[in-house]
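What follows is a short report on a single structure.
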Amino acid sequence: MLLFLGLILLGGVFFLNYMRERRRPLPKGCKPLPGPPGLPIIGNLHQIPEDYPWRKFKEWSDMYGPIMEVKMGKERLIVLSNSETVKELLERRGQIYSSRPQTYMASEVLSDHLRPLLMPYGARWRRVRKFIHQMTMPTKATEYQSRQSRESLKLINDLLDEPTDFARHYYRYASGLIMGLTYDKEVRTGKEDYVQNIMQVNDTLEHIAKPGAFLADSLPILRYLPSILAPFKRIGKQAHKFEYNLFMQLINEIREKMNLHDSVTDCFAKEIVSSMENRGITEEEGAYACGTMFEAGSGTTSGALETLTMALLVYPEVLAKAQAELDKVCGDRLPQFDDQDDLPYINAVAKEALRWRPIVASGIAHLLIEDDYYKDYFLPANSTVIGNSWAIHMDPVVYPEPDRFNPDRFIDESFPTATKSEGVEYGAQRGHWAFGFGRRACPGQHIGERSMFIVIARLLWGFNFSRAVDANGKEVEIDTMDFTTGFNSKPNDFPANIEPRSPERKAVIQAAYADSLRSGS
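Structure, rendered in structure tokens:
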């Protein structure tokens with residue numbers, strides 16, 4: 078009875094707060110943000126699908142415009158759906174749009190406010206971000222090219238033996254690279270315990286952080302339920318314990334090796350252990366800074382390579398044009414990082430793979446910390462703001478024929494994205510927004526771009542990609558919208574026929590990989 082009465086009281090308080098928020102008058106001369114009509118209390122929660130919410134947001138943005146409001150219970154979600162709005166708000170006004178909303182499940186219960194991706198903008202975030210930036214900035218990223226080269230050689234050699242298992246090889250490449258850079262750990266198969274454990278952490282984050290996954294994020298009254306009546310609390314706490322123990326174990330292994338004077342190659346964890354005190358970073362902050370690097374660099378890179386493979390099956394003319402450029406520049410030798418300036422189409426293929434089907438399709442939420450105005454709209458402080466990457470990348474004004482995989486849009490000057498903008502508008506300079514927006518853009522983007530280049534160049538130099546055939550000899554159809562749903566979105570499993578372009582190139586790959594094993598580089 079007491080619990081029932083308590084819930085009624087809390088519900089009444091919530092309703093009064095909701096009504097007070099509704100009655101807040103707009104500043105003179107401003108009009109309300111457009112958006113889909115909803116219901117009292119819950120707003121649009123009942124209209125947002127569990128799967129692919131970013132597609133629903135695009136459908137609404139086509140009706141209501143590139144800036145709109147969606148009500149998530151008491152919370153206000155402002156959705157930006159074209160390059161102009163994200164450039165102006167999330168990039169140029171980054172000083173007030175760079176915080177994160179502290180969602181109950183992902184930020185508080187799962188992460189205990191330790192995950193850099195979800196930290197609010199402030200002193201703690203700046204300390205941790207400074208460390209991550211120093212380890213991933215462009216001048217530092219070039220130091221990792223030898224490891225990227227070695228891992229990419231293993232990838233293409235593995236494809237010679239098991240071409241149908243390409244998705245696993247892509248993930249092994251991405252996880253092997255980031256585990257090496259972060260913890261000096263080798264990934265031979267991708268089935269190692271420490272890889273599987275971090276994959277579990279990633280999967281949990283994707284589930285818990287997905288917009289609309291838990292009503293407790295939108296209806297605060299639910300957070301006051303005791304754990305016995307709130308299974309979501311138990312799920313979050315168990316997941317936090319698992320990831321906390323894992324991240325602490327990984328960084329402590331590095332510390333123990335250093336204390337025993339074992340050989341530890343330079344890596345992020347070694348750097349943070351050596352300089353933690355000088356940087357003013359706590360043990361837990363350092364462990365999470367390193368642990369979550371894997372989240373940023375594994376599933377995103379491997380997912381983009383799967384997306385590219387799908388595109389090559391549907392658009393064989395892209396493969397032909399890329400191979401012609403590679404043959405002209407590289408001939409019968411493997412592509413190297415030094416070839417990058419001479420391979421503009423390969424660079425464009427990498428960009429288009431990130432643009433065509435963005436991995437973080439709905440974008441990551443920002444928090445507006447001050448009242449703001451955009452055109453004749455009023456944007457109140459404490460609003461959650463997202464750049465809907467799916468809608469932005471499907472804008473036909475910026476990306477003519479947006480559903481077509483067309484790398485020429487980054488080369489042919491008749492396309493808007495072939496002209497680079499000036500200033501600090503990082504997404505605008507790249508022609509896509511796959512790495513996020515403004516001050517909260519992915520700090521590992523320079524490493525990611527180099528990874529995409531060297532892998533794509535070597536894959537397309539060494540292999541032909543074509544559609545698989547079924548038992549009746551008929552080509553298997555490819556559904557280019559068949560993607561997973563979650564924090565990250567990548568293609569669901571699909572078959573592909575991947576074969577060496579010639580016996581000679583197969584031999585070059587095998588010899589290069591054997592040399593890398595002998596030399597250790």
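Residue numbers 78 to 598, in the numbering used here, belong to the letters of the sequence shown in order.
Beta carbons are placed, not taken as given, at the ideal position from N, Cα and C, and that holds for glycine.
Nothing here was measured: the structure is a model prediction, and the numbers come from that model.
Rounded separation between Ala-399 and Glu-136 - CA only: 34 Å
Short check: CB of Arg-206 to CB of Pro-520, under 8 Å? yes
Contacting residues, own chain, Cβ-Cβ under 6 Å from Met-256 (five flanking each side not counted): Lys-262, Val-264
In the DSSP output, which residue or residues are listed as bridge partners for His-190? In the DSSP output, where bridge partners are listed per residue, His-190 has none listed.
Would you please state the rounded distance, in angstroms, between the beta carbons of Trp-467 and Arg-132? I believe it to be under 8 Å. 6 Å
So, using beta-carbon positions, are Pro-178 and Leu-444 closer together than 8 Å? yes
For Asn-483, does the count of other Cβ atoms within 10 angstroms reach 16, so buried, or fall short, so exposed? buried
Give the secondary structure of Thr-281 by DSSP, where H, G and I count as helix, E and B as strand, and everything else as coil. helix
Are the stretch 561-577 and the stretch 414-433 touching by the rule of at least three beta carbon pairs closer than 8 Å? no
Using DSSP with H/G/I as helix, E/B as strand and the rest coil, what is Val-437? coil
What are the start and end residues of the beta strand (DSSP E) that includes Thr-461? 461-464
Exposed unless 16 or more other CB atoms sit within 10 angstroms - verdict on Leu-648: Outside the shown range of the chain (78 to 598) lies residue 648, about which nothing can therefore be said.
Please report how far the alpha carbon of Arg-517 lies from the alpha carbon of Pro-117, in whole angstroms. 33 Å
If you draw a straight line from the alpha carbon of Ser-188 to that of Pro-297, how long is it in whole angstroms? 18 Å
Alpha helix (DSSP H) containing Ser-138: first to last residue? 130-141
Please name the residue, chosen from Gly-368, Pro-477, Leu-237, that lies closest to Ala-588 on a Cα-to-Cα basis. Leu-237
On the criterion of 16 or more Cβ atoms from any shown chain inside 10 Å, does Asp-235 qualify as buried, or is it exposed? buried
Leaving out five residues before and five after Cys-107 in sequence, what residues of the same chain have Cβ atoms less than 8 Å from its Cβ? Tyr-450, Asp-453, Tyr-454, Phe-455
Using CA coordinates, which residue listed in Pro-126, Gly-115, Lys-164, Ala-307 is at the minimum distance from Glu-146? Gly-115
8 Å Cβ cutoff met for Ala-600 and Leu-323: Lying outside 78 to 598, the shown extent of the chain, residue 600 is not represented and no answer is given.
For Lys-148, count neighbouring C-beta atoms within 10 Å of its own C-beta (all shown protein chains included) and say buried if the count is 16 or more, exposed if not. buried
Just mark Asn-465 as buried or exposed, buried being the case when its beta carbon has 16 or more other beta carbons within 10 Å. buried
Looking only at its chain, what residues have a beta carbon closer than 6 Å to the beta carbon of Ser-543, apart from the 5 residues adjacent to it on each side? Asn-574
When you compare the CB positions of Asp-294 and Thr-180, do they come within less than 8 Å of one another, or not? yes
Simplified DSSP state of Glu-98, which is helix, strand or coil: Per-residue confidence for Glu-98 stands at a pLDDT of 49, beneath the threshold of 50, marking its modelled position as unreliable; no derived number is given.
At 4 residues or longer, and completely inside the stretch 234-312: list those alpha helix (DSSP H) runs for me, N to C. 243-260, 270-286
Spatial neighbours of Pro-479 within its chain, please: CB distance less than 6 Å, with the 5 preceding and 5 following residues excluded, ordered by chain position. Met-471, Pro-473
What is the DSSP secondary structure of Glu-402, counted as helix, strand or coil? helix
Would you list the one or two residues that DSSP bridges to Tyr-77? An answer regarding residue 77 cannot be provided, because it is not within the stretch 78 to 598 covered by the chain.
Using CA coordinates, which residue listed in Gln-211, Leu-232, Ile-555 is at the minimum distance from Gln-522? Gln-211
Could you spell out the range, first to last residue, of the alpha helix (DSSP H) harbouring Lys-151? Here Lys-151 belongs to no alpha helix (DSSP H), and DSSP marks it neither H nor E.
Distance between beta carbons of Gly-376 and Val-186, contact taken as under 8 Å: At roughly 22 Å, the Cβ-Cβ gap does not stay under 8 Å, so Val-186 and Gly-376 are not in contact.
Buried versus exposed call for Glu-98 [16 or more other C-beta atoms within 10 Å across all chains shown]: Confidence at Glu-98 is low in this model, with a pLDDT of 49, below 50, so its placement is unreliable and the value that follows should be read with caution. Classification of Glu-98: exposed, given that the 10 Å Cβ count is below 16.
Do you know how far the Cα of Asp-343 is from the Cα of Met-335? 11 Å
With DSSP as the reference, identify every bridge partner of Ile-144, one or two as the case may be. Leu-157
What's the C-alpha gap between Leu-306 and Ala-286? 21 Å
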